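There are 2 protein chains.
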Amino acid sequence: MDKNYYCVIMAGGIGSRFWPVSRNAMPKQFLDILGIGKSFLQLTYDRFARIVPAENIIVVTSQSYVDLVRRQLPQLAAENILAEPYRRNTAPCIAYASTKIRAVNPAATMVVAPSDHFISNEALFVDTISAAMKYASEKDELFTLGIDPTRPETGYGYIQCNMKQSKTIDGNIAYKVKTFTEKPNRELAKVFVESGEFLWNSGIFVWNVSAICSALAKWLPEVFTLFNDGDRYYGTPQEQDFITRIYEECPAISIDYGVMEKTSRAWVFQASFGWSDLGTWESLYLHAAKDSDRNLVKCTDTMIDSTSGCVVISQEKDKLVVVKGMKDYLIVNTDDVLMICPRDDSKFKEILADLAVNEKSRFM
Amino acid sequence: MDKNYYCVIMAGGIGSRFWPVSRNAMPKQFLDILGIGKSFLQLTYDRFARIVPAENIIVVTSQSYVDLVRRQLPQLAAENILAEPYRRNTAPCIAYASTKIRAVNPAATMVVAPSDHFISNEALFVDTISAAMKYASEKDELFTLGIDPTRPETGYGYIQCNMKQSKTIDGNIAYKVKTFTEKPNRELAKVFVESGEFLWNSGIFVWNVSAICSALAKWLPEVFTLFNDGDRYYGTPQEQDFITRIYEECPAISIDYGVMEKTSRAWVFQASFGWSDLGTWESLYLHAAKDSDRNLVKCTDTMIDSTSGCVVISQEKDKLVVVKGMKDYLIVNTDDVLMICPRDDSKFKEILADLAVNEKSRFM
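First to last, the protein sequences are chains E and S.
For the first sequence, our numbering assigns the number 1 to the initial residue and increments by one for each residue that follows.
For the second sequence, our numbering assigns the number 1 to the initial residue and increments by one for each residue that follows.
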């Protein structure tokens, strides 16, 4: 494995999307909601450990989740966990990680990825990321991974490709980025997919450290200047104080909006390794293994009859869960919450909104 | 209150009808399933304490429930709890209580009643029972209470009245019993109710102790002979051994079948105090107080939306129960069982049957 390859896993998200299983104190990336035996964070780490040397894997998370990261990834060196004192979106996170990596290895090439996504074809994932990193190590270009859309999904952002500017990289295709778009409505999503010009925005980036630092300096100087001073503090006992001080001043801005939309060096690397951000119960249901009645069941003891299309999750040990005559419902039981709701993201979102309105925030 | 008035409360039933709230170890009579603050047994005791002297109230129960009775009725003297070693239906239970009462007071008049029924008009109940007892204290007749049917209920037994043989008792009407019938089907139940000749069989009896002992001696000599010897043991340390010995020999038989159907002294005392045996979740739902969406909710913390006609019960403390988009379901959550099932007695019965088939009897 190339000693210059680095991976930055972004694990700072707070989580209500799989409420009541996910909580502010236990967001999605730390959950094993598919019942695989590993959390999303652990799965993400394992995937990248096949691409970059283990000592070059860095996790950026919120200060409040540092203990969770340590517990789930005990093999990770303490200095490889970067703790963000405030939530400032992806650009500051990437500026921190990039300048920190640059300080120890200016020849580094990085892959940056969320910690809570689902990848169905891991071998293809490894091949695709490796190809992108190999290419990016030699060119000052910024790659974002775009996923071949398989349906007119309204829950994702899209990247429009400039179909006239493409290149073949080790059997893969990369296009010059034309536009980034927010989540479209159903009609627009259909137009996007049918056009053949749009890919799903995966939030995974590949670039060499010099290229991203130059781009940050050019397009987000107000962010980059703060971190550019970091060389003096990184790896010293003063690092955390320095980070706390500059994060307070730092604007919250995404790398897509702050850099990728502006630079002419942005390319989208087409990928088809089976990806989902598992951002909703519905997307979890779609990707999870189901029984012959299309139920996703995770309980210690069940008696389920005349029931189909349901998610049935109970985290209480030794509890018998009896379900009869239900169709397309979410049934989720934790130690302190029982939720029964149609398996419909819009209904579920109403519940999240109602929790605040009904002063049930303590259950978030 | 008349010192010769006695009450026998039958509290030996085992309970799966309100599963998973009721259990073999905690049957219905010991539950406060309506959320009133008192169990059915405690409510039954309170009702009869308005009619008979407290020291004359006797509870007959299974040996395994004696501690539960003591805990729920601490005011009851130890000798007023009769412990049955085996389940032998109502005739042996009544023979035991009757001979025991006769031993201390041969002039006694008794009311015998189940411990787990619901009475909506308690004042009328007191008046009706009092009138029946007053009359029965002077006549060697056996009264069963028949409830004016308000619907063609298929869950109850019916008593057919001999409309030509009636008498007025203190403003009430009693008819000679023509037949006892088992639970009818829907068509037959309609015919019964429309005929005006049928009353619901409440399982409540009123008679003087001499009359019931004579009737038992005549119609159930194989049972009565066993208990007739009891005078030697009742109130002594040998009573329980004696009872254990004779219960083993005793056939299991109901008082309806063993005595009331046979004797010409059986009368049905018409009553209309609002009665239900609350024998099913559906009957509980019908009689319980409901919210404006017709939901029966008993939980410490809920957020219920777009939901109607549901029973929502959670016995876990500090658990938030979130229910959305449900219609006519039973949602019952205990420490070790979560049940979600259509609010339909036949579906619920299937679950009870399935528990055994699926080797989940430990949850019964």
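The C-beta atom is built at its ideal place from N, Cα and C for all residues, glycine as well.
Remember, predicted model here, so these are calculated numbers, not experimental data.
Strictly below 7 Å CB to CB, what residues from chain E border Met-326 (chain S)?
Ile-340
Under 7 Å Cβ to Cβ from Glu-122 (chain S), same chain only, skipping five residues before and after it: list those, please.
Arg-47
For a contact meaning CB atoms closer than 7 Å, what does Leu-320 (chain E) contact in chain S?
Under the 7 Å cutoff, chain S gives Asp-336, Val-337, Lys-360, Phe-363.
Taking the C-alpha atoms as reference points, what is the distance between Glu-197 (chain E) and Gly-157 (chain E)?
14 Å
Between E:Asn-208, E:Gly-15, E:Gly-155, which lies nearest to Asn-185 (chain E) when the distance is taken from Cα to Cα?
For the residues E:Asn-208, E:Gly-15, E:Gly-155, the minimum Cα distance to Asn-185 (chain E) belongs to E:Gly-155.
Please state whether DSSP places Cys-299 (chain S) in a helix, a strand or coil.
coil
What first and last residue would you give for the beta strand (DSSP E) that runs through Ser-166 (chain E)?
158–169
Hey, does Asn-24 (chain S) have any beta-carbon neighbour from chain E nearer than 8 Å?
no
Quick check: the Cα distance between Arg-102 (chain E) and Ser-276 (chain E), rounded to an integer number of angstroms?
Their backbone Cα atoms lie some 31 Å apart in a straight line.
In angstroms, rounded to a whole number, what distance separates the CA positions of Lys-317 (chain E) and Gly-258 (chain E)?
If you take the alpha carbons of Lys-317 (chain E) and Gly-258 (chain E), they lie about 46 Å apart.
Tyr-6 (chain E) and Ile-51 (chain E): beta carbons closer than 8 Å?
No; because the gap between Cβ atoms is not below 8 Å, this pair is not in contact.
Please decide whether Asn-333 (chain E) counts as near chain S, where near means a Cβ-Cβ distance under 8 Å.
Chain S, which has a Cβ nearer than 8 Å to the Cβ of Asn-333 (chain E), makes this yes.
Are any of the Cβ atoms in chain S nearer than 8 Å to that of Ile-313 (chain E)?
no
Would you say Met-303 (chain E) lies against chain C (beta-carbon separation less than 8 Å)?
Note that chain C does not occur in the displayed structure, where the protein chains are E and S.
The beta strand (DSSP E) spanning Trp-19 (chain S) covers which residue range?
Taken as a continuous stretch (DSSP letters only), Trp-19 (chain S) belongs to no beta strand (DSSP E), as it is neither H nor E.
Can you say whether Pro-221 (chain S) is buried or exposed, counting buried as having 16 or more other CB atoms within 10 angstroms of its CB?
exposed
Ordered along the chain, which non-local residues of its own chain (more than five positions away) have a Cβ less than 6 Å from that of Ser-370 (chain E)?
With chain E represented from 1 up to 364, any question about residue 370 (chain E) goes unanswered, as that position is not in the structure.
Hey, could you find the ends of the beta strand (DSSP E) Glu-84 (chain E) is sitting in?
81–84
Can you give me the Cβ contacts of Thr-302 (chain S) inside the same chain, cut-off strictly under 6 Å, excluding the 5 residues immediately before and after it?
Val-321
Would you mind working out which of S:Ile-255, S:Asp-305, S:Ala-288, S:Ala-271 sits nearest Ile-96 (chain S), comparing C-alpha positions?
The question names Ile, but residue 96 (chain S) in the sequence shown is Tyr. Minimum Cα distance to Tyr-96 (chain S) is reached at S:Ile-255.
Is it buried or exposed for Ser-390 (chain S), if we count other Cβ within 10 angstroms and need 16 for buried?
Only positions 1 to 364 of chain S appear in this structure, which leaves residue 390 (chain S) out of reach.
If contact is defined by three or more beta carbon pairs under 8 Å, each pair taking one atom from either stretch, is the region 125–140 of chain S in contact with the region 20–28 of chain S?
no
To the nearest whole angstrom, what separates the beta carbons of Ala-288 (chain E) and Leu-124 (chain E), a pair I think is in contact under 8 Å?
Ala-288 (chain E) to Leu-124 (chain E), Cβ: 20 Å. No contact.
Does any CB atom of chain E fall closer than 8 Å to the CB of Lys-134 (chain S)?
no
Helix, strand or coil for Cys-93 (chain E)? Go by DSSP, reduced to three states.
helix
Compile a chain-ordered list of the residues in the region 29–54 of chain E whose CB is closer than 7 Å to at least one CB of chain S.
none
Report back the beta-carbon spacing between Ile-173 (chain E) and Asn-201 (chain E) to the nearest angstrom; my notes put them in contact at under 8 Å.
The distance from the Cβ of Ile-173 (chain E) to that of Asn-201 (chain E) is about 17 Å, inconsistent with a contact at the 8 Å cut-off.
Check whether the Cβ of Asp-345 (chain S) lies closer than 8 Å to any Cβ atom in chain E.
no
Cutting at 6 Å between CB atoms, please list the residues of its own chain near Ile-253 (chain E), excluding the five before and the five after it.
Asn-89, Ala-91
Please identify the residue among S:Asp-305, S:Arg-265, S:Ser-39 whose C-alpha is closest to the C-alpha of Ser-214 (chain S).
The shortest C-alpha to C-alpha distance from Ser-214 (chain S) to any of S:Asp-305, S:Arg-265, S:Ser-39 is the one to S:Arg-265.
Does at least one heavy atom of the ligand FAD sit under 7 Å from the Cβ of Leu-43 (chain S)?
Absent from the structure shown: the ligand FAD. Ligands present: none.
For Leu-278 (chain S), which residues from the same chain have a beta carbon less than 6 Å from its beta carbon, with the 5 sequence-adjacent residues on both sides left out?
Phe-118, Leu-284
By the 10 Å Cβ neighbour count, where 16 or more other Cβ atoms means buried, how is Lys-324 (chain E) classified, buried or exposed?
buried
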